[in-house]
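Residues in the sequence shown are numbered from 132 upward in steps of one, following the numbering used here. Below is one structure, written out as structure tokens; comments come after it.
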Amino acid sequence: MNIVMLFVTLPKKEKKNMNKKVCFTILLALGTMMASAQETLWLQCNESLPTPTRIMPVRQSDNNHQNDGAVQHSVDFTVDRNFSTNYHSAYYPGHIKVTPETPAELIYDFEDVERIDDLEYVPRQDGSLNGTVSEAEIYVKTAADSDYRLYQHCQWPLNMDTKCVHFEGGLIQPVSIKVRVLNGYGALASCAEMAFLKMGKELTNTDVFADDLCTRLKPGTTRADIERIQQPVIRQLATELLEGTYVTDYRVASYDCYDSPQWLAEQWKTPGKCYDQLQGVTGIVVEPGKHLVMVEGLPEGMSATLKVVAWYTGLTGRSFDGGNPEIKTYDLKNGSNIIDHDSRWAGLAYIAYFNDEGKASKCPPIRVHFVGGTVNGYLTPDQTNEQMHQMTAAAPSRFIDVVSRKVHAVWTSAGMHEFCKADDGKSPGYRQYMNILDTLITWEQRVVGFEKYGRVPKNRTLLYVNFTYGAAFQGGLGISSHVDNERGLLNCQGLLYNDSESVWGLGHEWGHQHQLKPYFCWGGTNEVTNNLAAYYVLMHLGYRYEQLHWGKREGLEKGVKHYIESETDDCILESSDLFERLCPFVKLCNYFMNEGGKPDFLPDLYETLRHSQVTPDSTNVIPYVFNFIRTASTLSGYNLTPYFERFGFLRVKAFEIDDYGKYTYHLTQERLDAFRRDMNTLERKKKLKPMPADMVERIAHTPDIEYEHPHFEN
Ligand SMILES: [Zn+2]
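Rendered as structure tokens:
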């Protein structure tokens, strides 16, 4: 299953003014976490953190806005504190294009303002990207300036996340701020809110600490020094540091920069199929309310956000009803960040620190300190099974992150504790489980050519638990399975020996993540070509063909019976059986990887297809079918046209294909003849050999490749 999901992230400043005491009571009542006395103390201290003050302009103006007659979508909508009303540049009846030569300008004037620390741009939140700003210049004018001066040139990813411009040291006595939009989606500009914030002063009084992250006291700091500190959070932190009781595990950590999953998908030709976007696992629980987060080392021009994810949001069931995890995004800057987590739910915290240009390895890591944060911890292969068994028993959150070399999984803490058993069926199997997941991904990456062609990323893929969808699916965040499947999916013995369906499920969804679209995932193959990965992953685990689910075997066998052993004019892309459609791909790859003496046939096929240049023909899948046959032929050394003709890929007919979108199959006699001529020309030029008379049958009846059961350390 393959689902594109939209996660709506509400910006942090959309406050419901929730009474924090009520909020805390609800939290306890829900039993989503069991706060220790120490955690409760920190939560109480956090309540005293200053919330930023919103500074309102005395007037605002723009040079380009949509005028519907009844409604003028002017700059006024950016300061109305309403996230569902937007400023929008003119698009009808005349589209006034927003370009670097003709920018849209939003101007905000201030009077008698002492200081502005942050500007926050909140893109429209209604799901449309139109006008979302991707490039802007921020001009400022203070009492000390005679004219505007450029403060920052901003490039922002096209999404709904709040974008923050931090004025280092504060913009003192601001007179005017001009946002000059150079580029926005669709040559438009739009904005839900533009906020100007002054941070609370109290946190500047952190001079008892020896470092920027506030993790050590200056030598000689006394109890009397600490008692003079007004701010309760700072005083509590200093006290615990002085007494040597402050635990920095998980609270203080370093986070590497990763290439953004979107950038990777571009390189891999897997549009919209993203590796983990919650890469920076913290092991910290963020409860509703205020929190102090210190950051250091964020390079100029780079951004990082804190994402707080509530993996459960109150909905349970088996029909996909929108019960997505709740993700709240908070911008981070160097120094102190006061996060006001406006949610009913406590969430797990993740640091999103990505580079969009493939230069992550050149970006220094950042360091983050969740002051007094509630520690949940996370599982890693370098811990012992006993340590992890204790952690899953004691985790304050209902959820726990499992972070291995290639996979970031999120399961319920109780599920991990109860079901994650080793292949003896009894002992805790955390390490073995992580080994299995890593190996499955290694094989997936090998199949699609990542290993051979130097494309193995440092990034992990995400696998998470859901409460509202019966089967597994691949969506906007990663791959997911229902909480009821934890018993099977966490059990190493089952995965390794007798639960081919669970392994197939994982291989299938991860197969989606690596599907080349459209070159090996054209209309009619969305739920087919990813199964090649599922098939190989399962066989590599040492499973035998007979252990495949009967429905899958039946389909695979029907493929040969229907097209090779009988006469038919049917087109295989019209077949309703996904495994019948899978059959010719499995047979072809098995033959060339084994008998055909080309063990790298599949990785080579993926990499060559990745470099395809196909001119689309409206919604017609034929150009991609031709491209595939030509590519497979070139790699095999044979003109494989007869094989694909026999398997019903090339029929003179036209029909519609419904496959996560509307496609058509339309092949005329002229077009088929031209393709055959092209392929025959390659034969004449000795670039391809003709298939010997019995080769189609030999490929179609090629046996499965059998592997030994690998050993997985626990
Ligand atoms: Zn699927």
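Don't be surprised by glycine CBs; every beta carbon is placed ideally from N, CA and C. The model shown is predicted, which means the values in this text are computed figures rather than measured ones.
For residue j and residue i, believed in contact at Cβ under 8 Å, the rounded distance
i, j, result
"GLY580", "TYR838", "With a Cβ gap of about 20 Å, GLY580 and TYR838 do not count as contacting."
"LEU429", "ILE497", "5 Å"
"TYR252", "CYS322", "6 Å"
"MET425", "LEU344", "5 Å"
"LYS329", "PRO183", "6 Å"
"LEU510", "VAL534", "7 Å"
"GLU266", "ASN314", "4 Å"
"SER544", "LYS552", "That pair is no contact at about 16 Å."
"PHE732", "LEU766", "6 Å"
"ASN590", "PRO392", "7 Å"
"GLY779", "CYS702", "5 Å"
"GLY619", "ASP630", "6 Å"
Residue i CB to nearest heavy atom of ligand 1 below 7 Å
i, result
"GLU848", "As shown, the chain starts at 132 and ends at 845. That puts residue 848 outside it, with no answer to give."
"ASN661", "yes"
"HIS643", "yes"
"HIS639", "yes"
C-beta neighbour in chain C for residue i, strict 8 Å
i, result
"TYR595", "The displayed structure is made up of one protein chain only, and chain C is not part of it."
In DSSP terms, what residue i is bridged to
i, result
"VAL271", "ARG280 and ILE308"
"GLY478", "VAL417"
"ALA483", "THR436"
"GLY466", "VAL426"
"ASP193", "LEU237"
"THR184", "LYS329"
"PRO402", "DSSP, once it has assigned bridges, lists no residue as partnering PRO402."
"ASN597", "HIS613"
"THR543", "PHE530"
"HIS840", "Partner(s): none; HIS840 has no beta bridge."
"HIS219", "SER321"
"THR592", "VAL538"
"LEU250", "VAL296 and PHE327"
"ILE458", "VAL440"
"GLY411", "ILE482"
"HIS204", "DSSP lists no partner for HIS204."
"SER385", "ARG498"
Residue i to residue j span [Cα, whole Å]
i, j, result
"PHE327", "ASN177", "23 Å"
"ILE610", "THR592", "8 Å"
"LEU437", "HIS422", "12 Å"
"LYS309", "ASN290", "22 Å"
"MET149", "GLY504", "For MET149, the predicted structure reports a pLDDT of 34, less than 50, and the residue's modelled location is therefore unreliable. The matter cannot be settled from this model."
"MET547", "LEU621", "7 Å"
"LEU781", "CYS714", "16 Å"
"GLU776", "HIS284", "56 Å"
"SER192", "ALA274", "20 Å"
"LEU463", "ALA435", "6 Å"
"LEU302", "TYR386", "30 Å"
"ASN465", "ASP248", "13 Å"
"GLY636", "ASP569", "16 Å"
"VAL153", "ASP473", "With a pLDDT of only 36 at VAL153, under 50, the local geometry of the prediction cannot be trusted, and no value is derived from it."
"VAL745", "PRO734", "20 Å"
"ARG190", "ARG246", "17 Å"
"PRO231", "ASN616", "52 Å"
"VAL614", "ARG366", "42 Å"
"LEU798", "TYR584", "34 Å"
"ALA483", "ARG536", "18 Å"
"SER697", "GLU828", "12 Å"
"THR413", "VAL587", "24 Å"
"PRO305", "ILE238", "13 Å"
"HIS832", "LYS718", "7 Å"
"ASN194", "LYS228", "12 Å"
"THR269", "HIS196", "According to the sequence shown, residue 269 is Ile rather than Thr. Going from the Cα of ILE269 to the Cα of HIS196 covers about 19 Å."
"PHE298", "LEU627", "55 Å"
"LEU250", "GLN408", "25 Å"
"VAL691", "TYR769", "20 Å"
"TYR384", "VAL499", "It is worth fixing the name first, because residue 384 is Ala in this sequence and not Tyr. Distance between the alpha carbons of ALA384 and VAL499: 6 Å."
Can you give, in chain order, each stretch of the alpha helix (DSSP H) that sits fully within the region 764-820 and has at least 4 residues? 772-777 and 800-815, all fully within the region 764-820.
### Task
Any chance you could list the alpha helix (DSSP H) runs of at least 4 consecutive residues sitting entirely within the region 313-380, in chain order?
Listed in chain order, the complete alpha helix (DSSP H) runs (minimum 4 residues) inside the region 313-380 are 354-358 and 363-374.
- [ ] Give, in chain order, every unbroken run of the alpha helix (DSSP H) that is at least 4 residues long and sits entirely within the region 682-731.
- [x] Segments of the alpha helix (DSSP H) lying fully in the region 682-731: 709-724.
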